[in-house]
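Residue numbering for the sequence shown follows my numbering, beginning at 162 and increasing consecutively.
Ideal placement from N, C-alpha and C gives every residue a C-beta, glycine not left out.
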Amino acid sequence: MKTRLLLGCLLVGTSLLRAQTDSIPLPYEKPEGIQWEGSEKQYFTPLWDTQVVTNVSVPSLEVFRPDPGTGNGAAVVVAPGGGLFGLSINSEGREVARWLAGKGFTAFVLKYRLVPTGADGVKEISEQFATDPQAAMERVKAVLPYSVADGQRAVAYVRSKAAAYGYQTDKIGFMGFSAGGAVTLGVGYESKGESAPDFLVPVYPWTDAYPVAPAPEQAVPMLVICATDDPLGLAQGSVALYTAWLEAGKTVGLHMYSKGGHGFGMRTQGLPSDHWIERFYDWAKVHILATGS
Numbered sequence: 162m163k164t165r166l167l168l169g170c171l172l173v174g175t176s177l178l179r180a181q182t183d184s185i186p187l188p189y190e191k192p193e194g195i196q197w198e199g200s201e202k203q204y205f206t207p208l209w210d211t212q213v214v215t216n217v218s219v220p221s222l223e224v225f226r227p228d229p230g231t232g233n234g235a236a237v238v239v240a241p242g243g244g245l246f247g248l249s250i251n252s253e254g255r256e257v258a259r260w261l262a263g264k265g266f267t268a269f270v271l272k273y274r275l276v277p278t279g280a281d282g283v284k285e286i287s288e289q290f291a292t293d294p295q296a297a298m299e300r301v302k303a304v305l306p307y308s309v310a311d312g313q314r315a316v317a318y319v320r321s322k323a324a325a326y327g328y329q330t331d332k333i334g335f336m337g338f339s340a341g342g343a344v345t346l347g348v349g350y351e352s353k354g355e356s357a358p359d360f361l362v363p364v365y366p367w368t369d370a371y372p373v374a375p376a377p378e379q380a381v382p383m384l385v386i387c388a389t390d391d392p393l394g395l396a397q398g399s400v401a402l403y404t405a406w407l408e409a410g411k412t413v414g415l416h417m418y419s420k421g422g423h424g425f426g427m428r429t430q431g432l433p434s435d436h437w438i439e440r441f442y443d444w445a446k447v448h449i450l451a452t453g454s
């Protein structure tokens, strides 16, 4: 009995090690006029009721791999949200990546550069957006181009490792939530060549931070996900984004849930929006996984 229990623990441990590797730093250019003090911080915040990472100054990736023999030939970069002041690292990052790995994707959670903050970045964003939202947005706008550059380098890195990890170079997606959705749009609109993803999944994207524009000539297939009752008013931007791709004749889908709020990620609310990631998988089976290479 003890032998079987020990063997089971070892197998679980091996599976977890296979699912996630150490953090991989990404190359980056040092920005002018932006200074970070201290290292990134990871902690639980009761304000958002979740685990967060703040004060990221060095972009990096965490890798979550499917079990051997279960890969579907595709990869996804996952960019958590958090107002560019933090990253909701579990419900919009690692939990998403584990789910994707369970469906055969190789998933990479991206820690992109954030607004420099002190001991509690979540408290800072909450207070500043409440008292001086214009100043908070100026801090966001100063950093966002570097966050987008981190997303582009993440895609280029993932593409360069396709043979090593076992997926195809033309099936690399970028999925981002809220502020990570703004990064997703920046990567989708601005990237070419090795840094350009093959599909986009903006989830309640922060279109106030990265405004919607006409679909670029190189626009790739996209699935937009949001909720009508998003308290940040992101439903309109999501519809505008869908419309931009639709009017350009590009492959695009939209799941607009009547109820779900903002930041639902992998949280369970007892609502249809709990199953958004399954709807993504349905879409991917048609538009990404079924296509030849």
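Return the CA-CA distance between Q289 and S184, expressed in angstroms with no decimal places.
-> The residue given as residue 289 occupies position 128 in the sequence shown. The residue given as residue 184 occupies position 23 in the sequence shown. Straight-line Cα distance between these residues: approximately 31 Å.
State yes or no: is the C-beta of V214 within less than 8 Å of the C-beta of L187?
-> Within the sequence shown, residue 214 is the residue found at index 53, counting from 1. Within the sequence shown, residue 187 is the residue found at index 26, counting from 1. No, Cβ-Cβ distance for V214 and L187 is not below 8 Å.
Among G244, Q203, L393 and V224, which residue has its Cα nearest to the Cα of V238?
-> As a first step, residue 238 must be located in the sequence shown, where it is residue number 77. Of G244, Q203, L393 and V224, the residue nearest in Cα terms is V224.
Determine the contact status of Y371 and L346, defining contact as a CB-CB distance below 8 Å.
-> Taking the first residue of the sequence shown as 1, we reach residue 371 at position 210. Taking the first residue of the sequence shown as 1, we reach residue 346 at position 185. Going by C-beta atoms, Y371 is nearer than 8 Å to L346.
Inter-residue Cα distance where the pair is A258 and P375 | Numbered from 1 along the sequence shown, position 97 holds the residue referred to as residue 258. Numbered from 1 along the sequence shown, position 214 holds the residue referred to as residue 375. If you take the alpha carbons of A258 and P375, they lie about 30 Å apart.
Who pairs with V224 in a beta bridge, going by DSSP?
-> The residue you call residue 224 lines up with position 63 of the sequence shown. DSSP, once it has assigned bridges, lists F269 as partnering V224.
Using the Cα positions of V316 and K446, report the straight-line distance between them to the nearest angstrom.
-> Start at 1 with the first residue of the sequence shown, and residue 316 comes out as number 155. Start at 1 with the first residue of the sequence shown, and residue 446 comes out as number 285. One C-alpha to the other measures close to 21 Å.
Cα-Cα separation between Y418 and F266, rounded to whole angstroms | For the purposes of this step, residue 418 is identified with residue 257 of the sequence shown, where counting begins at 1. For the purposes of this step, residue 266 is identified with residue 105 of the sequence shown, where counting begins at 1. One C-alpha to the other measures close to 25 Å.
How is the beta strand (DSSP E) around A380 delimited, first residue to last?
-> Here the question's residue 380 lines up with position 219 in the sequence shown. From DSSP, A380 is part of no beta strand (DSSP E); its letter is neither H nor E.
So, V385 versus L415, is the Cβ gap smaller than 8 Å?
-> Translated into the one-based positions of the sequence shown, residue 385 becomes position 224. Translated into the one-based positions of the sequence shown, residue 415 becomes position 254. Taking 8 Å as the Cβ cut-off, V385 and L415 qualify as a contacting pair.
Along the alpha helix (DSSP H) that carries Q212, what are the first and last residues, could you check?
-> Counting from one through the sequence shown, the residue named residue 212 turns up at place 51. Taken as a continuous stretch (DSSP letters only), Q212 belongs to no alpha helix (DSSP H), being part of the beta strand (DSSP E) at T211 to T215.
With DSSP collapsed to three states, give me the class of G433.
-> For this step, residue 433 is matched to residue 272 along the sequence shown. In the sequence as presented, Gly is not what sits at residue 433; that position holds Pro. Residue state, collapsed to three classes: helix.
Cβ-Cβ separation, G349 to Y365 (assumed contact under 8 Å), whole Å = Translated into positions along the sequence shown, residue 365 becomes position 204. Translated into positions along the sequence shown, residue 349 becomes position 188. Y365 to G349, Cβ: 16 Å. No contact.
Give me whichever residues DSSP pairs with M336 in a beta bridge.
-> Locating residue 336 in the sequence shown gives position 175, counting from the first residue. Paired residues: V239 and V362.
Out of curiosity, what's the CA-to-CA distance linking D311 and L361?
-> Numbered from 1 along the sequence shown, position 150 holds the residue referred to as residue 311. Numbered from 1 along the sequence shown, position 200 holds the residue referred to as residue 361. Going from the Cα of D311 to the Cα of L361 covers about 16 Å.
Same chain, Cβ closer than 6 Å to G383, neighbours up to 5 away in sequence not counted = Start at 1 with the first residue of the sequence shown, and residue 383 comes out as number 222. One detail in the question is off: residue 383 reads as Met in this sequence, not Gly. Same-chain partners within the cutoff: L361, W406 and V413.
Cβ neighbours of K284 in the same chain (closer than 7 Å, five flanking residues each side left out) = Taking the first residue of the sequence shown as position 1, residue 284 is located at position 123. The answer, listed in chain order, is L208.
S434: buried (16+ other C-beta within 10 angstroms of its C-beta) or exposed?
-> By 1-based counting over the sequence shown, the position of residue 434 is 273. So S434 ends up on the buried side.
Beta-carbon proximity of D391 to H436, cut-off 8 Å | Stepping through the sequence shown from its first residue, residue 391 is reached at position 230. Stepping through the sequence shown from its first residue, residue 436 is reached at position 275. No, these two residues do not count as a Cβ contact at 8 Å.
What are the start and end residues of the beta strand (DSSP E) that includes V413?
-> Translated into positions along the sequence shown, residue 413 becomes position 252. That run of the beta strand (DSSP E) goes V413 to Y418.
Give the straight-line distance between the Cα atoms of A340 and G232, rounded to the nearest whole angstrom.
-> Within the sequence shown, residue 340 is the residue found at index 179, counting from 1. Within the sequence shown, residue 232 is the residue found at index 71, counting from 1. Going by the C-alpha atoms only, they are around 29 Å apart.
Could you tell me which uninterrupted beta strand (DSSP E) segments, each at least 3 residues in length, are contained entirely in the stretch 256-324, listed from first to last along the chain?
-> 267-272
For my contact list, A268 and I333 are in at a C-beta cut-off of 8 Å; report their separation, rounded to the angstrom.
-> Within the sequence shown, residue 268 is the residue found at index 107, counting from 1. Within the sequence shown, residue 333 is the residue found at index 172, counting from 1. No, A268 and I333 are not in contact; Cβ-Cβ is about 11 Å, not under 8 Å.
Selected residue, minimal CA-CA separation from G243, among L261, S287, S221 and V219 = For the purposes of this step, residue 243 is identified with residue 82 of the sequence shown, where counting begins at 1. Considering only alpha carbons, the answer is S287.
Report the residue from A240, Q313, L245 and L450 whose alpha carbon sits nearest the alpha carbon of R255.
-> Start at 1 with the first residue of the sequence shown, and residue 255 comes out as number 94. Measuring from the Cα of R255, the nearest candidate turns out to be A240.
Quick one: what's got a C-beta closer than 6 Å to P227's C-beta in the same chain, skipping five residues either side?
-> As a working mapping, residue 227 is identified with position 66 in the sequence shown. Closer than 6 Å at Cβ, skipping near neighbours: A262 and G265.
Beta carbon of E253 nearer than 8 Å to that of F335 | Taking the first residue of the sequence shown as 1, we reach residue 253 at position 92. Taking the first residue of the sequence shown as 1, we reach residue 335 at position 174. Going by C-beta atoms, E253 is not nearer than 8 Å to F335.
Buried or exposed: where does F246 fall if 16 or more other Cβ atoms within 10 Å of its Cβ makes it buried?
-> Within the sequence shown, numbered from 1, the residue matching residue 246 stands at position 85. By the neighbour-count rule (16 or more Cβ atoms within 10 Å), F246 is buried.
Going straight from the alpha carbon of E378 to that of G431, what length do you get?
-> Position 217 of the sequence shown holds residue 378. Position 270 of the sequence shown holds residue 431. Those two C-alpha atoms are separated by around 40 Å.
Quick one: grab the DSSP three-state call for K446.
-> Reading the sequence shown from its first residue, position 285 is the one you call residue 446. Helix.
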